[in-house]
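Colleague:
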Amino acid sequence: MPDPLTRGTRAIGAVGLAAVVSIVAFCHGFTPIGDENDVWWHLKTGRVISQAGGWPPPHDVFAYTSSHLEWHNHEWLAEWAMYAAYAAFEDRALGGLRAVIFFKALLLAATFLTVLYLCARRAGDLTVAAVITLVAITAAKFSVKARPPIFSYGLMALFLVLLYGLYQHHERAWSRRLRLCALVALIAVWANLHGGFAIGLVLIALFAAGCVWDGALAWIRAGRAAPLSNAGEIRLAAALALCGAACFIATLLNPYGVKLYGMYARVMSDADLVRSISELQPPNLLYTHGFQALILALILAGSLAGRRLPTAADYLVVGFFLFQAARHVRHVPLFAIAAAPVIAWQARGIYDALPPEWKRWWRPVMASTAVILAAWLLWVPDGLWSGNDGRQLSLFDRNARLWRNEAYQPEGYPEEICDYLLTRDLPGRLFNEVNFAGYLIWRLSPDRYQVFTDSRYDIFGGQFQRQAWQIENAEVTPSGQATWKELLDHWDINLVIIDMYKPLNEALARSGEWRMEFTDKRRYFRLWVRNELRPVRPLTATQKPA
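Just add 534 to wherever you are in the sequence shown, counting from 1, and you've got my numbering.
This is how it looks when you write it as structure tokens:
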């Protein structure tokens, strides 16, 4: 896209736009920990791995109900890295938690700089690429937490850069071999960082299918004059198929081998569990404005792009990740990363169709749009100016809170109860809700008290979650038998940490067998203790749930 600007001015503008995208992405990542449960047990797992010399524990060490189960930890390397960041700055001005969040924000900025690069390559213009990338950032913002999936977002972006590069340079043998080898090396690391490594295998399969599609269409249009196998697209598809096989073998280079693949079935095969996990629900369109904006951009760009149609791989990749995002809100960031390069490709078609007198305004308009959109994302929360009382905080306000060392919101966790337990000698096993189990693991497990269960469903599926529901809701059988009491007795539980709204509070008070030992200042979290402590039987590998 030619423009009248000098080379130096364009370079300054390019650096400025890259800085704008980096700042917005970083600020989306650099926010205090809210009511997040998983970050705490990820950090504690990293500590356990670090104390064990860098090797993950073979069995669950945090929950007594699942202590006999093998733990195929697909996130062990990411957890070790998170804790390494925490430990390196724990006693420094930055602080451990802020260091983890800072590290996460840097990864997020690097991810969307990669997306920006890919969009600029496909659009031939950095200004429109910046606008598209900013929309992708706001679409992804609800799932960019200090958790191992942040590694999957960055690695997915790198995979797309390599795969689109193969699409464009499949006739260059040296370039093709280099990219294929890079895919294998990356997925070997990915398989130890997060279970999202399957995304890499899916992307290779989708691009291979796209090559076959493109090659078959080209062969038909050429009148079937030459053998189909001679088509460059078919040869690339074959190379991708071999690369996919090599990548699958590379994913086995983890502490658990092929057993790592079992985690998907343990979670997704349990319909009740899937319905209970908020991030596995469809996106709420009242809040996912960025997701809607990306879909609208795809539709508009497709209708205005003229003859510049997406490639077959574009259709397959966007279709697959749109389907996943529509089913599970945690996959919206994956869709954002996948859709942005396709929108950029179509944006070039829009530019080509513009009248000559309009083309000279394209870059100034797009650059201005990027700057205005960035300012809006930083300072305007849901269309409301920051700082208004009773309003949602803007991104800038949340960043400022974190810089003031408000790394997390203590009111969202049973912090005072943990402090109390650490100064008392109350024997017995503990029952807890899943919602704050991660924080209990960070403070208490396995050193003082192991938890009843938590959100590591890739270990045990939903079997202990169902028991937790029965206990906290004080369920009884149709004949009036107290299921909750039987479960508490079965597991020899003497301590209960519960929030004030759960029916179990009333059931414990009525039973006469329990007393409220402690409650926090807000009286939200409550600690109950048996009046007559049960002797704690040893757990064995053969002990089964009641």
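Note that CB positions come from ideal geometry on N, CA and C, so glycine has one too. Remember, predicted model here, so these are calculated numbers, not experimental data.
Within this structure, are the beta carbons of M616 and V595 separated by less than 7 Å?
Modeller: Taking 7 Å as the Cβ cut-off, M616 and V595 do not qualify as a contacting pair.
Colleague: Could you check whether L641 and N726 sit closer than 7 Å to each other, using their CB atoms as the reference points?
Modeller: No. Outside cutoff.
Colleague: For E813, I'd like the list of residues in its chain whose CB is within less than 8 Å of its CB, leaving aside the five on either flank, ordered along the chain.
Modeller: Correct list, in chain order: S677, H862, V863 and R864.
Colleague: From S837, I721 and G658, pick the residue whose C-alpha is nearest to that of Y687; which is it?
Modeller: Of the candidates S837, I721 and G658, the one whose C-alpha sits nearest the C-alpha of Y687 is I721.
Colleague: Y798 to D992, Cα distance in whole Å?
Modeller: For Y798 and D992, the distance between alpha carbons rounds to 7 Å.
Colleague: State buried or exposed for M1034, treating a residue as buried only when at least 16 other CB atoms are found within 10 Å of its CB.
Modeller: Exposed, since its Cβ has fewer than 16 Cβ neighbours within 10 Å.
Colleague: Exposed or buried, which one is L978 when buried takes at least 16 other CB atoms within 10 Å?
Modeller: L978 is buried by the Cβ-count criterion.
Colleague: Rounded to a whole number of angstroms, what is the C-alpha to C-alpha distance between S556 and L694?
Modeller: Using only the alpha carbons, I get a separation of about 19 Å.
Colleague: What three-state label does DSSP hand A1075 in the structure shown?
Modeller: Legend: pLDDT at A1075 = 41, less than 50; position of this residue unreliable, value from coordinates given subsequently. Three-state result, A1075: coil.
Colleague: For A941, which residues from the same chain have a beta carbon less than 8 Å from its beta carbon, with the 5 sequence-adjacent residues on both sides left out?
Modeller: Answer for A941: P566, I567, G629, L631, R632 and I635, listed in chain order.
Colleague: State the Cα-Cα distance for the pair L1029 and R963, rounded to the nearest angstrom.
Modeller: If I take the Cα positions, the gap works out to 6 Å.
Colleague: To the nearest whole angstrom, what separates the beta carbons of A586 and T645, a pair I think is in contact under 8 Å?
Modeller: With 8 Å as the limit, A586 and T645 do not qualify as a contact, their Cβ atoms being about 30 Å apart.
Colleague: Sorted by chain position, which residues of the same chain lie with C-beta nearer than 6 Å to D569's C-beta, five sequence neighbours on each side aside?
Modeller: The residues are G946.
Colleague: Can you tell me whether L714 is helix, strand or coil according to DSSP?
Modeller: L714: helix per DSSP, three-state reduction.
Colleague: Hey, out of T648, P961, I738 and T540, whose CA is closest to F854's CA?
Modeller: Cα-wise, what sits closest to F854 is I738.
Colleague: Just reading off the beta strand (DSSP E) that V1030 is part of, what are its end residues?
Modeller: Note, V1030: beta strand (DSSP E), I1027 to D1033.
Colleague: Can you tell which of A627, E609, P1012 and F560 has its C-alpha closest to the C-alpha of N788?
Modeller: Per the Cα distances, E609.
Colleague: Using the rule of at least 16 other Cβ atoms within 10 Å of the residue's Cβ for burial, across every protein chain shown, is D988 buried or exposed?
Modeller: Classification of D988: buried, given that the 10 Å Cβ count is 16 or more.
Colleague: Answer with buried or exposed for P867, where buried requires no fewer than 16 other C-beta atoms within 10 angstroms of its C-beta.
Modeller: By the 10 Å Cβ count, P867 comes out buried.
Colleague: Give the single residue among H576, A639, A618 and L1021 whose Cα lies nearest to the Cα of F560.
Modeller: Taking only the C-alpha atoms, the option nearest F560 is A639.
Colleague: Would you kindly work out how many angstroms separate the C-alpha atoms of S920 and R935, rounded to a whole number?
Modeller: Residue confidence for S920 is low, a pLDDT of 42 falling below 50, so the modelled location carries little weight; the figure read from the coordinates is stated next. Cα to Cα, the separation comes out at about 13 Å.
Colleague: Using 10 angstroms around the beta-carbon of I783, count the other beta-carbons present and answer buried if the total reaches 16, otherwise exposed.
Modeller: Result: exposed.
Colleague: Let me confirm a value: V792 is counted as buried when at least 16 other C-beta atoms fall within 10 Å, else exposed. Which label applies?
Modeller: It is exposed - the Cβ of V792 has fewer than 16 other Cβ atoms within 10 Å.
Colleague: Suppose only complete runs of 4+ residues qualify. What are the alpha helix (DSSP H) ranges in the segment 911-987, listed by chain order?
Modeller: Listed in chain order, they are 929-937, 949-956 and 971-978.
Colleague: At the level of alpha carbons, what is the spacing between P889 and L843?
Modeller: Rounded to whole angstroms, P889 to L843 spans 20 Å at the Cα level.
Colleague: State the DSSP-derived secondary structure class of E604, mapped to helix, strand or coil.
Modeller: Strand, per DSSP.
Colleague: Grab me the residues of Y954's own chain with a C-beta within less than 6 Å of its C-beta, minus the 5 sequence neighbours each way, in chain order.
Modeller: Around Y954: F1052.
Colleague: Go ahead and pull the three-state DSSP assignment for T543.
Modeller: Three-state result, T543: helix.
Colleague: So what's F596 in DSSP terms, helix, strand or just coil?
Modeller: Coil.
Colleague: Have a look at L740 and H562 and give me their C-alpha separation to the nearest angstrom.
Modeller: Cα to Cα, L740 sits roughly 30 Å from H562.
Colleague: When DSSP labels each residue in this structure, what does E1051 get in the three-state scheme?
Modeller: Strand.
Colleague: Spell out the partners DSSP gives F1059 in its beta bridges.
Modeller: BP columns for F1059 point to D1033.
Colleague: How do the segment 829-847 and the segment 879-886 stand: do at least 3 beta-carbon pairs fall below 8 Å, yes or no?
Modeller: Taking 8 Å as the limit for Cβ pairs, the verdict is that the segment 879-886 does touch the segment 829-847.
Colleague: Applying the criterion that 16 or more other CB atoms from any shown protein chain within 10 Å of the CB defines a buried residue, is R710 buried or exposed?
Modeller: By the 10 Å Cβ count, R710 comes out buried.
Colleague: What do you reckon, are the CB atoms on V852 and A872 nearer than 7 Å?
Modeller: Yes, Cβ-Cβ distance for V852 and A872 is below 7 Å.
Colleague: Please classify R938: is it buried, with 16 or more other beta-carbons within 10 angstroms of its beta-carbon, or exposed?
Modeller: Answer is exposed; the Cβ neighbour count stays below 16.
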